[in-house]
Amino acid sequence: MALTEGLLFAERYNLIRQLGRGGFAEVWLAEDNMTKVQVAVKVYAPGTGLDDNGIKLFTQEFSLVFDMNHTNLLRPTHFDCWDRMPYLIMPLIKNGSAFKYITEGKNIPEEEAWKMLHDVAAGLAYLHEKTPPLIHQDIKPDNILIDDEGRYLITDFGISARVRSTIRGAQAQEQSGGTLAYMGPERFSSNPKPIMASDIWSLGAMMYELMTGMPPFGNHGGLLQKNGAEIPIIEGDYTQELKDIVTQCLAKETWDRPSANKIEEMTYNKMHGIKTPVETPTPESVASTPATMQPVESGKAKKQKNAKNSTQPQAITPQPDLSIKKSKPIQQGPNKSIIIGAIAAVIVLIGIIVAVFSSSNNEEQTVVEVVPRVNYDSIAQVRIQEALEFKMNADTIIQNHPDEYTDASIYNNVEDIYRKALVKLDDALIDRDSLDTNLANMAIQQQMAIKTALLDIYKNLDAGAEYVQEFRTRADAIKPLIEDLLENQSNETINEENN
């Protein structure tokens, strides 16, 4: 059943207007006919609903988090299922979500950025401290609401990737490109298990977008970072302290990111003017500290450091006295002109040598700078990411409909999506000789994974083609895409027979 204005949902809630729509749910403003109070109704799998297994999975997972209580979590007040559509009843948050900064074209002010970092980190710390830890997996501006007191509240916690996949599969929808923008590099590995540090990367990506107007790596998320892209510099009128925290959250390596507890502590101290005690550095510790982390030195310390043998400040070498002293009178005579002329000649000679050397360096540098170079790696990264998005969508459909080969509306769609992914990967490998080796190998591995999935579909269709003519048509359409795999299997069969 499609959701429309005026519909009496679950025999109790009169739908007034749609407040938002995501990849797997709709949020509606509604009036509770029993209490006459306006509420927010979040409906999952709207219009299509879930099968029995989907409803059971959703209920089991959500029951684990339904009673969680924290200042920075938006707690639902009721959970149920109507017309095979799971739904939540939540307090109405009239101020909307943090996404309003983006829709209004405004960057978040510094003071609000500190508060938002603190509130979201506090909510995540609460979730991460559970046993086992609860990973949100979808931190983004849409999922951070703002209540009447200006607090930032996390919503959609407890909805695992498995549940999201089940709902998207039921609706035959593609993976949300927006969500990919907040996925850290580890989420694109061969074993992308959810971890707490992934939520921290998503928090950093969200703050980066609210401060600059766009996610750090566009809609491609951490995949570009995984393949070597550096974190873009945060522009804008923000303190370096704020920029540093956001950048730390976006660290490529998970162990380099601060924990939610640490971020909560740092932001609390900042908001309340609490200074963290700093130990006085020794010469040894300063020498081992990276340049970006060294403390600001006083004027006196700088003078000592710049003096000769500064590593031993107690043994300062006396400097020559450059003050004007009374000297003996210079004897007048022909030697004075000769000396002055000689000095002038030496100065001119030195000037000529310096000019020639500088000119030579400039010419060499100019030649290097004008040599054009196409960044094949960046182009390939984009193509691979696009292919991965197609593949993830097709994989999800197969996971939710593993045996429905008779349903052409589903599997014609899957085959077409895989075909689009292969086209993107072919584009990425056009200039294979110019690509980074890791990128090229990644594209080839994805090609093989897609072709293997198509081979499985082909085998099933080929086996049933004797009884269903449509299967023959679909199998023949797939065959050109997997000719190399079919040939390899044929050769293996021949070798086995010969042996």
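Residue numbers for the sequence shown follow our numbering, beginning at 274 and rising by one. For each residue, glycine too, the CB sits at the ideal point set by N, CA and C. On a predicted model such as this, the values are computed, not experimentally measured, just so you know.
Which term fits residue i, buried or exposed, when burial requires 16 or more other beta carbons within 10 angstroms of its beta carbon?
i    : result
A736 : exposed
L281 : exposed
N368 : exposed
Q498 : buried
A533 : buried
R294 : exposed
Q585 : Legend: pLDDT at Q585 = 39, less than 50; position of this residue unreliable, value from coordinates given subsequently. When all chains shown are included, Q585 counts as exposed.
A275 : exposed
P414 : buried
W528 : exposed
M721 : exposed
K531 : Checking the sequence shown, residue 531 turns out to be Pro, not Lys. Looking at its Cβ environment, which holds 16 or more other Cβ atoms inside 10 Å, P531 is buried.
G423 : exposed
M539 : buried
Q658 : buried
M544 : exposed
Y691 : buried
Determine the DSSP secondary structure at residue i, reduced to helix, strand or coil.
i    : result
G293 : strand
F282 : strand
F490 : coil
I362 : strand
I547 : coil
K752 : helix
L418 : strand
K329 : helix
E299 : strand
I427 : strand
L346 : strand
R530 : coil
M665 : helix
Q410 : coil
E765 : helix
F339 : coil
V786 : Because the chain here runs from 274 to 772, residue 786 falls outside it and cannot be looked at.
K499 : helix
M456 : coil
K379 : coil
V696 : helix
In whole angstroms, give me the CA-to-CA distance for residue i and residue j.
i    : j    : result
D729 : E402 : 42 Å
D305 : A398 : 33 Å
A787 : L698 : No answer is possible for residue 787: it lies beyond the span of the chain, which begins at 274 and ends at 772.
S463 : A303 : 43 Å
R747 : L734 : 7 Å
I507 : T485 : 7 Å
V215 : I427 : There is no way to answer for residue 215, as the model of the chain reaches only from 274 to 772.
E482 : P488 : 4 Å
Q521 : E278 : 45 Å
M389 : I328 : 34 Å
N416 : A738 : 47 Å
I408 : E662 : 22 Å
L758 : V687 : 19 Å
L708 : F461 : 19 Å
D356 : G322 : 7 Å
E526 : S651 : 21 Å
I473 : L523 : 8 Å
Which one or two residues does DSSP pair with residue i in a beta bridge?
i    : result
W355 : M358
I723 : Paired residues: none, contrary to the question.
A313 : L302, M363
L288 : A303
S370 : L418
Compare the beta carbon distance of residue i and residue j with 8 Å and say whether it is the shorter of the two.
i    : j    : result
M479 : I412 : yes
L712 : A750 : no
K315 : Y360 : yes
A298 : Y317 : yes
L418 : S370 : yes
A660 : Q718 : no
P458 : G491 : no
F430 : L453 : no
A701 : R745 : no
V312 : M358 : no
D420 : I366 : yes
Y541 : H343 : no
G509 : N380 : yes
Y455 : N345 : no
Shorter than 8 Å from the beta carbon of residue i to some beta carbon of chain C?
i    : result
P531 : Within the model displayed, chain C is absent; a lone protein chain is all it includes.
Any heavy atom of the ligand ZN closer than 7 Å to the beta-carbon of residue i?
i    : result
E402 : Judged by which ligands are present, the structure shown has none, so any question about the ligand ZN falls away.
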